[in-house]
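Peer 1: Mind looking over this structure? Questions follow.
Residue numbers (my numbering), protein chains in the order written: chain A, 1 to 150; chain B, 1001 to 1386; chain C, 2001 to 2356.
Below you can see the structure in the form of C-alpha cells.
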C-alpha cells in the first residue's frame, strides 16, 4: 500500500508597516545618506537604528541624532554556504558600533579579500575601524549602505 | 515542592516520519507518557501543547488536530526554541495553582515536512531592518562564536570537542536522530557554514514528539517522580546590537540564562551547582553556544571556559553534559527544550538506560530560544524538598 | 482558587492600517497605557503573558520583537499561540501559584498587515479539508444554517444585527473607519461578518486589591474533526462557562453583563444559548433585545484574532468599573466574558468577573 504524501507550498503575503520612526530612518538613508539614532528619555542611550521607544526602559525616545560615518567592528562572521533566498557566498557580516551610538548595527562588510577565509577572519579579529559606504542610488532600505575597512 | 514529572514519552527523533500524520505523533508521545505515568487520560485535567513555528510543519495550528481526552482545558504555547520548556513550566503553574491535579504536556516538531528550515528561520528576524541580510540562526551563532574566541581564547578544537562529545553520547541513546561516531577531527573537516562554525557543530533537522505528565504531589503515590525543584524563564531584548554594549552582560554573556539559573537554583536550594548538579541537559543549537552557558550556569568563570571544556574529558567530578546527546543528537525544535527536561527527568528517576549517569540526585535542563533571547532553567531532583 | 486576583489596568485599542506605527509600536502603546491605567508604575511587574500568532504577525517567532514591546525585558514572559482569554487564565494561574505578584497580559492581531482569508484557509489540515478551500467563516456559516434549521428564531436576525450595529457605532473603542470584511457565505450576509481590524488589548493583573476581581475561570475544548463537534451548540463554551460559574459560585441568571466572543452574529447568538442564558433558538432575540448582551457591539466593533478573548475581558472590566462610556449598561456587578480559539472555536475560555 502506498503512503500518501501531499505537496504543499506556503506563500503568505504580508504588508509590514515600518511605522513613522523606521520610515524616517530610511528617509534619512535615502535623502541625506546619514544613519540616525534616537535617544531614550529615561536611560539616555542613543539607540540605533532609530526607534520610537526603548524596550528596556519602556519609555519613549525623543532626540534624533546622526551617528558615524565611522565606527568599530564588534563581531563578525563569514558566510561560506549559500542559503535559499539569500545572496551568494562568501559574505562578511558584522555588528558595528558607529561613533556616537550606544548600540551596534548589523550590516555587510565589503572590500575585504575573502578568498582565504581563515586569513580574512584573523584580519577581522583585530576589530578594525570601518566606515559607512552608501550605494550610488539609495532606495531607503537597510541595504542602502554597507561597511568598508578604513 | 508541589509538582513532579511522573511520566515521560518520546517518539524518538528522525529526519522524517513519512508513515505518521502529525496527530499520530502527538498521540504516540502522549500514550507513552501516560503509560510511564501509569495513568489514563481521564486522570489528566489539562493538556498543554508546545508547537513552535507553524511554518516548519507547514500546518497552521497543527496542535489542534490532536485533542487528547474529552473536553479538557487546552492551550498552546509557542516561544520558539524554548517552547518545550515553556509548556512544561505552564503545566507546572496550573498544578501549583491547584487548577489541575495532573497536566499532560506535549511538544510536536514536524519539520520533516519542510524542504528548508533555514528559509523559515530567516523569517524570525525583523522584516524592517534585518530581512535583507543572511541573518540566520547559523550566522547569529557564528557572530558570537567569533567573539568568544577573541575574548576568552577558545579555539576551533574546543568547538569540535564539544560536538564530538555530544555525538558520542547520542550513540547510547536509541531515541536520538544521529547515531554516528564523529571525532573532533571529523568535525573540523566538515564544511564551514559561517566562520567559525562547521557543519557538524550544528544541529540536525529532526522531527518527533515528546510528552511529560506533571502531577501534584498528592497524586504521585508510589510512582517514581522527578520533582520540579526549580523552574525559571527570562526574556532578553531582541536586538543583539543592543546587548553588545550592555554593561556586565554583553552579547556573549547570557544574561537571561544567568538570571533564570539564579532563580531556579534559589528555588531548588542549589548554591554550588558544579558539585550539586550531576547531569546537565543543555540546550545549545551549536556546540560553540554551549560555552556561553557555562558561566551563566555558575559552573566556571567566563575566561576559564576553555580549560573547563578540556577538563570535561579528564575530570570525573564535573557534571555530565548532554548524556542524551543533546540537540546535536536530535533537535526537534518545538519539543527540544522539553526533551532536555524529559531526559533530565529520566536521569533523576534512574530510567535512562544505556545513557544513565550514576548517582544523579539532581539534574538541570536548559532551553534557549530566539537569538539566545529566551532562556529557561529547570532543576529536577530525586528529593521533594531541597 | 489559592489567591484573589484583581484587574488593575485594562486598555483596548482598535485601529486600521496606521502607517505611522509598526506592530511593535502598537503593542508598546497599548501596554504602556494599561500600565498607566494600573497606576503608572512597572514596580512589581514580574510576569508577561502574551497571546499572538506568528502567522498573523507575519514572521516566525514573532515574540522575539513583540515581547519586549510588551514589557518583557528581563522578565518571565511566555507567549501563547492561543486566544487572549486563555493567556489571561494562564496569567491568573501564575499569581495563584505564587510565581508572580503582578503581571501584564497582552494580546493582538493586526489584520491590516496580512490576508485574513489566506490565513484562515491555512488553518485546515492539508489532507482532508484544505483541498476544499475551507475558511473559518464557512464553519460559522454551517453553524448558522444549522441553528436556523433547528428552529432558531430567524425573525430576530435583523433586529439583532441592528442592535449590534448601533452599539458598535456608539462604542468609543470600536473601529469607525476602515477595516475589512471578507466574502460572506450563505446564510451569512456582509453585516453578520466580523469587521477585521488591528486590535491590541492589554491588562495588568495583580494580587493587590483593585476595582475588578476575577471570580471564576473555565476552559474546555472540542475534537478536531468538525463532524465530531456539536454543530450550532458550542459545547466547549458550555462546559467552560459551567466551570467558570461553578468556581464563581454563581448562576448565569445572576450575571449582569455578557461579552461573548463570536466571529459572526450567529456565533454570538449561539454563544448566549451555550452558556444557558437563552434557550436554544432564542439567542438572536437576546442579542436584539437584551442590552446586557455584547454592549460593545461584538465582532462588529473590530476583530483581530487572537486578541478577542482579552478584548472581551477589557470591555467587561470597563463596564464593571462604570467607564465604558456611551455603551455603559448601568452598574453591573458581575460580568461573564468569553474567548474562542482557532480552528473555528475549537477551544474556549470563560472568565467571570466581579466589581470589587
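Here a beta-carbon is modelled for each residue, glycine too, at the ideal position from N, C-alpha and C.
Does the separation of the CB atoms of residue 1332 (chain B) and residue 1207 (chain B) fall below 8 angstroms?
Peer 2: Yes, the pair counts as a contact, with Cβ atoms nearer than the cut-off.
Peer 1: Scan the stretch 2235-2270 of chain C and note each continuous alpha helix (DSSP H) run of 4 residues or more that stays entirely inside, going in chain order.
Peer 2: Whole alpha helix (DSSP H) segments, 4+ residues: 2235-2248.
Peer 1: Leaving out the 5 sequence neighbours to the left and right, which residues in its chain are closer than 7 angstroms to residue 1192 (chain B) when beta-carbon positions are compared?
Peer 2: These residues qualify, in order along the chain: 1198.
Peer 1: Between the Cα of residue 74 (chain A) and those of B:1357, B:1324 and B:1151, spot the shortest distance and give me the residue it belongs to.
Peer 2: Selected option, being the one with the closest Cα: B:1151.
Peer 1: For the alpha helix (DSSP H) that contains residue 2136 (chain C), what are its first and last residues?
Peer 2: Element bounds for residue 2136 (chain C): 2136-2149.
Peer 1: From residue 2001 (chain C) to residue 2150 (chain C), what distance separates their C-alpha atoms?
Peer 2: With a pLDDT of only 47 at residue 2001 (chain C), under 50, the local geometry of the prediction cannot be trusted, and no value is derived from it.
Peer 1: Taking Cβ-Cβ distances below 7 angstroms as the criterion, which residues of the stretch 70-102 of chain A are in contact with chain C?
Peer 2: So the list is empty, because no residue satisfies the distance condition.
Peer 1: At a CB-CB cut-off below 7 angstroms, which residues of chain C make contact with residue 1247 (chain B)?
Peer 2: Chain C residues near residue 1247 (chain B): none, gap ~14 angstroms exceeds 7 angstroms.
Peer 1: How would you label residue 1316 (chain B), buried or exposed, when you count the other beta carbons within 10 angstroms and need 16 or more for buried?
Peer 2: Its Cβ having fewer than 16 others within 10 Å, residue 1316 (chain B) is exposed.
Peer 1: Which stretch, first to last residue, makes up the alpha helix (DSSP H) that contains residue 1151 (chain B)?
Peer 2: Element bounds for residue 1151 (chain B): 1137-1152.
Peer 1: Check the Cβ-Cβ distances between residue 2002 (chain C) and every residue of chain B, and say whether any is below 8 angstroms.
Peer 2: Reliability fails at residue 2002 (chain C), whose pLDDT of 48 lies under 50, so the model's placement of it is uncertain and the value that follows must be treated cautiously. Closer than 8 angstroms to some Cβ of chain B, the Cβ of residue 2002 (chain C) qualifies, so yes.
Peer 1: What is the residue span of the beta strand (DSSP E) that residue 2129 (chain C) lies within?
Peer 2: Looking at the DSSP string, residue 2129 (chain C) is not in any beta strand (DSSP E), and its letter there is neither H nor E.
Peer 1: Note the first and the last residue of the continuous alpha helix (DSSP H) segment covering residue 1084 (chain B).
Peer 2: Run containing residue 1084 (chain B): 1083-1096, per the alpha helix (DSSP H) assignment.
Peer 1: Note down, in chain order, each residue of its chain lying with its Cβ closer than 8 angstroms to the Cβ of residue 1188 (chain B), except the 5 sequence neighbours on either side.
Peer 2: 1156, 1157, 1160 and 1198, listed in sequence order.
Peer 1: Anyone know if the C-beta pair for residue 1075 (chain B) and residue 1111 (chain B) falls short of 8 angstroms?
Peer 2: No, the Cβ-Cβ distance between residue 1075 (chain B) and residue 1111 (chain B) is not below 8 angstroms.
Peer 1: Determine the contact status of residue 1062 (chain B) and residue 1210 (chain B), defining contact as a CB-CB distance below 8 angstroms.
Peer 2: Contact: no.
Peer 1: Please report the distance separating the alpha-carbon of residue 1353 (chain B) from that of residue 1330 (chain B).
Peer 2: One C-alpha to the other measures close to 17 angstroms.
Peer 1: For chain A, check one thing: does any of its Cβ atoms lie closer than 8 angstroms to the Cβ of residue 1019 (chain B)?
Peer 2: Interface residue, yes.
Peer 1: For residue 20 (chain A) and residue 30 (chain A), I'd like the C-alpha separation in whole angstroms.
Peer 2: Distance between the alpha carbons of residue 20 (chain A) and residue 30 (chain A): 15 angstroms.
Peer 1: For residue 2092 (chain C) and residue 2005 (chain C), which I take to be in contact (beta-carbon distance under 8 angstroms), what is that distance rounded to the nearest angstrom?
Peer 2: With 8 angstroms as the limit, residue 2092 (chain C) and residue 2005 (chain C) qualify as a contact, their Cβ atoms being about 5 angstroms apart.
Peer 1: Just confirm the distance between the C-beta atoms of residue 2083 (chain C) and residue 2302 (chain C), as a whole number of angstroms; I'd bet it's less than 8 angstroms.
Peer 2: Actually they do not touch by this definition, with Cβ atoms about 16 angstroms apart.
Peer 1: When you compare the stretch 2048-2059 of chain C with the stretch 32-43 of chain A, are there three or more beta-carbon pairs, one atom per stretch, that lie closer than 8 angstroms?
Peer 2: Verdict: no, contact absent.
Peer 1: Below 8 angstroms between beta carbons: does that hold for residue 1051 (chain B) and residue 1078 (chain B)?
Peer 2: Their beta carbons are under 8 angstroms apart, which means residue 1051 (chain B) touches residue 1078 (chain B) by this criterion.
Peer 1: Any idea what DSSP makes of residue 2047 (chain C), helix, strand or coil?
Peer 2: Strand, per DSSP.
Peer 1: Where in the stretch 1022-1065 of chain B do unbroken runs of the beta strand (DSSP E), each at least 3 residues long, occur, reported from the N-terminal end onward?
Peer 2: Complete beta strand (DSSP E) runs here, min 3: 1046-1050.
Peer 1: Does the CB of residue 1334 (chain B) have a neighbour CB from chain C at under 8 angstroms?
Peer 2: Chain C contact via Cβ: absent.
Peer 1: Against residue 2073 (chain C), what residues of chain B qualify as contacts under a CB-to-CB distance less than 8 angstroms, listed in chain order?
Peer 2: Within 8 angstroms Cβ-Cβ: 1235, 1236 and 1237.
Peer 1: Name the chain B residues whose beta carbon is nearer than 7 angstroms to that of residue 111 (chain A)?
Peer 2: Near residue 111 (chain A) there are no residues of chain B at all, since even the closest Cβ is about 17 angstroms away, more than 7 angstroms.
Peer 1: Throw me the rounded Cβ distance for the residue 1026 (chain B) and residue 1082 (chain B) pair, which I believe falls under 8 angstroms.
Peer 2: Their Cβ separation, rounded to whole angstroms, is 19 angstroms, which puts residue 1026 (chain B) and residue 1082 (chain B) out of contact at 8 angstroms.
Peer 1: Could you name the residues of the stretch 18-44 of chain A whose beta carbon sits closer than 7 angstroms to any beta carbon of chain C, in the order they occur along the chain?
Peer 2: Hits within the stretch, in order: 18, 19, 20 and 22.
Peer 1: Specify, as a first and last residue, the run of the beta strand (DSSP E) that residue 1245 (chain B) falls within.
Peer 2: It is not in any beta strand (DSSP E) - residue 1245 (chain B) carries neither H nor E in the DSSP assignment.
Peer 1: Using a Cβ-Cβ cut-off of less than 9 angstroms, give me the residues of the stretch 1186-1214 of chain B that come near chain A, in sequence order.
Peer 2: Flagged, chain order: 1191, 1192, 1193, 1194, 1195, 1196, 1197 and 1199.
Peer 1: Please name the residues in the stretch 2115-2142 of chain C whose beta-carbon is closer than 9 angstroms to at least one beta-carbon of chain A, in chain order.
Peer 2: Here the close residues are 2115, 2118, 2119, 2122, 2126, 2127, 2130 and 2131.
Peer 1: For the candidate residues C:2296, C:2234, C:2291 and C:2257, whose alpha-carbon lies nearest to that of residue 2349 (chain C)?
Peer 2: If we check each option's Cα against that of residue 2349 (chain C), C:2234 comes out closest.
Peer 1: Would you say residue 2074 (chain C) and residue 1234 (chain B) are within 8 angstroms of each other, going by their C-beta atoms?
Peer 2: Yes.
Peer 1: Within 8 angstroms, do at least three Cβ pairs link the stretch 1224-1232 of chain B to the stretch 2052-2061 of chain C?
Peer 2: No: fewer than three Cβ pairs fall under 8 angstroms.
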